[in-house]
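Reading through the structure tokens given below for one structure.
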């Protein structure tokens, strides 16, 4: 094993959105053994960096589902953004479907609705199997705003006109609305439509996928896919799990992800990442 790619929410992070001591130690042990470790996440760079820093970890990050590749010191290596007309098309489709969404840009993530911005984090936590109370999850969600990980905007159209747009994160518990949006989006060949939780959609340029970004990194490092392990739990991890020679699913992962996996590790609450890494280090 020469390269390990690890998803964050529902995988590397526990239900409190933190990296456990066991997971951090396993990653450090792999790095000390000469194995490259990269985080591959739907989060933007700022939101992805915070839990890594808290855990004392330093590694490259494939941000926003592969729309950005950042080096271990935060340098931007590669970026894939949506053209303005493409971003406006997504905006129109999601607005017409009456679903809430956030916009991820080169200036960070933005929402035009504070309360729904909280609800989307709670949904991610619930989808990951969190046993926390609603009040506890709401406090965790508020931290996104307090830390600046997500910002408020009054006008998405003006935002799109002035920034590079990487991703739209849409959310609705109404399956009919969500499916209508997905159907319209998938008619456009230029978009990649995936999910990181049961009630959301993640829309990027088709070239902004974890698997494509992971392949690009591996090739630059001179590493064959047979020597790559990917660990994930949800549908936005599928492309990198298909690419990796060893695909690992979390016990709390989606059924489709488990079906793709070479083996299933423990849950994100039971240090599943550490157990998967240690299996190979031993």
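In this note's numbering, the protein residues as written are 49 to 330. Where is the CB? At the ideal position from N, CA and C, for every residue including glycine.
Contacts around residue i, its chain only, beta-carbon distance under 7 Å, and the 5 residues preceding and following it disregarded
i: residue 206; result: none
i: residue 290; result: 259, 308
i: residue 275; result: 49, 50, 51, 293
i: residue 142; result: 149, 216, 218, 229
i: residue 211; result: 153, 154, 155
Residues near residue i by beta carbon distance below 8 Å, same chain, minus five either side
i: residue 73; result: 322
i: residue 198; result: 95, 150, 156, 157, 158, 159, 165, 192
i: residue 306; result: 297, 312
i: residue 318; result: 299
Local conformation of residue i per DSSP, three classes
i: residue 257; result: coil
i: residue 159; result: strand
i: residue 240; result: strand
i: residue 172; result: helix
i: residue 305; result: helix
i: residue 215; result: strand
i: residue 321; result: helix
i: residue 131; result: coil
i: residue 137; result: helix
Buried versus exposed call for residue i [16 or more other C-beta atoms within 10 Å across all chains shown]
i: residue 311; result: exposed
i: residue 80; result: exposed
i: residue 215; result: buried
i: residue 230; result: buried
i: residue 247; result: buried
i: residue 119; result: exposed
i: residue 15; result: The question about residue 15 has no answer, for the chain in this structure spans 49 to 330.
i: residue 285; result: buried
i: residue 204; result: buried
Distance between residue j and residue i (C-alpha atoms, nearest Å)
i: residue 70; j: residue 325; result: 11 Å
i: residue 121; j: residue 224; result: 43 Å
i: residue 281; j: residue 249; result: 15 Å
i: residue 234; j: residue 161; result: 26 Å
i: residue 266; j: residue 295; result: 15 Å
i: residue 66; j: residue 146; result: 32 Å
i: residue 187; j: residue 243; result: 24 Å
i: residue 189; j: residue 221; result: 18 Å
Residue i at chain B interface by Cβ criterion, 8 Å
i: residue 56; result: Looking at the structure shown, chain B is missing, and only one protein chain is on hand.
Close beta carbons around residue i, own chain, < 6 Å, minus the five adjacent residues each side
i: residue 255; result: 128
i: residue 252; result: 113, 115, 215, 240
Every unbroken alpha helix (DSSP H) inside the region 55–122 [4 residues or more]: Counting whole runs of 4 or more residues, the region 55–122 contains the alpha helix (DSSP H) stretches 69–80, 93–102.
Whole beta strand (DSSP E) elements within the region 276–302, 3-residue minimum: 276–280, 294–297
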